[in-house]
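Below: the structure, in C-alpha cells.
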C-alpha cells in the first residue's frame with residue numbers, strides 16, 4: 013500500500029515488500045499487488061492531502077509508474093484503486109477521469125500489468141453488489157482497462173449472518189457476464205464459532221473452486237499472531253490448526269489434488285483426467301515436471 017512505502021513525500025522504501033517477495037519466490041508462491049491506490053480518506057497520507065491538484069496528479073502518476081516498474085516481472089498483477097465504492101478522495105479532488113489516468117500510468121510502468129478492481133459487500137452480504145455492477149460497467153464504458161474483478165469475502169462482519177451458497181453462486185454468475193476473471197481476493201471467516209468457520213469454508217470453497225470464472229482464492233491472513241482478526245485465522249498462535257484449516261487441507265490436498273498411477277496400453281500410452289496444476293510424472297524411474305493449464309486443456313509428456 014502507498015502509505016506503507018512512501019510515508020513521507022519522495023521517500024520511497026520497498027525493502028519490506030522486496031523481502032516478502034524473495035521469501036515467496038524461494039517457495040514458488042506467486043504474488044499479487046495490493047494495492048496501487050486506496051482512496052479512503054483515513055488511509056491517504058497527510059502530505060498527499062496537503063498537495064494542490066496539479067501536485068496531487070503528479071504524485072499519483074509517479075506512484076503508478078514507480079510501483080509497477082519496480083515489481084515488473086515479479087508482481088504483474090495489482091488492485092488498481094482499492095474499494096472505490098467506499099473511497100473517493102482522488103475522484104473528489106481530480107474527477108472521475110483520474111481512474112483512467114491511474115491505469116494509463118500503471119501500464120506505462122509495466123505494459124504487461126493486470127489491473128483488478130477490488131471491493132467488499134458483494135459476496136459478503138450483497139449490500140454493495142448492485143453498486144459494484146454499476147461501477148464496473150461505468151469504468152469499462154469509459155475505457156478503463158480493467159483486467160479482472162476482485163471480490164472480497166470477509167464473511168461475515170456482522171459476526172452472526174451466514175452467507176448462503178445461493179447468494180454467492182448468483183453474484184458470481186452475474187459478475188461472470190463481464191467475461192473477466194474473478195478472484196476471491198480477501199477470504200476470511202469472521203465468525204467467533206470455529207465450527208461455523210469450518211462449515212462456511214466447506215460450503216463456499218467448492219462454489220469458488222468450481223466456478224469457471226473464478227481463477228484464484230486468496231486467504232486474507234492465516235496465522236493468528238500476524239492477523240488483524242486473530243480469532244479468524246486458520247492457525248492459532250501456537251500454529252495448531254483450527255477446524256477450518258483442516259477442512260481446507262482436506263478439500264485442496266485430498267479432493268482437488270490428483271494422485272494417480274497406472275500402466276501404459278499396448279501403444280505405450282497412459283491417459284488420465286487431472287485437476288489443473290503442476291505435476292511430477294514418473295515412468296521407468298525417470299521423472300519430469302509438466303504444467304496442466306485451463307487454456308490448453310491437455311498436457312502431454314513423452315518419455
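Residue numbers (my numbering): 13 to 315.
Idealized CB from N, CA, C, for every residue including glycine.
- How about residue 155 and residue 129: are their beta carbons less than 9 angstroms apart? no
- Can you say whether residue 251 is buried or exposed, counting buried as having 16 or more other CB atoms within 10 angstroms of its CB? exposed
- Task: Please confirm whether residue 287 and residue 270 have their CB atoms less than 9 angstroms apart.
- Result: yes
- Looking at residue 102 and residue 72, is the spacing between their C-beta atoms short of 9 angstroms? yes
- Residues in its own chain within less than 8 angstroms of residue 24 by CB, not counting five upstream and five downstream? 17, 18, 78
- Rounded to whole angstroms, what's the CA-CA distance from residue 30 to residue 256? Just pull it up for me. 30 angstroms
- Is it true that the CB of residue 284 sits closer than 9 angstroms to the CB of residue 294? no
- Leaving out five residues before and five after residue 179 in sequence, what residues of the same chain have Cβ atoms less than 7 angstroms from its Cβ? 138
- Task: Pick out whichever of 181, 234, 266, 241 has its Cα sitting closest to the Cα of residue 226.
- Result: 181
- Near residue 190, what residues of its chain come up, given a Cβ to Cβ distance below 7 angstroms and the 5 sequence neighbours on each side ignored? 148, 161
- Item | Any 3 or more C-beta pairs closer than 8 angstroms across the region 45 to 53 and the region 75 to 92 | yes
- Considering residue 166, what are the terminal residues of the beta strand (DSSP E) in which it resides? 160 to 167
- Message: Just to confirm the assignment: which complete alpha helix (DSSP H) runs, minimum length 4, are found wholly within the region 199 to 227?
- Response: 206 to 222
- When the Cα of residue 70 is compared with those of 196, 199, 281, 21, which residue comes out closest? 21
- Who are the near neighbours of residue 171 in its chain, counting only those whose CB is closer than 7 angstroms to its CB and skipping five residues on each side? Legend: pLDDT at residue 171 = 49, less than 50; position of this residue unreliable, no value from coordinates given.
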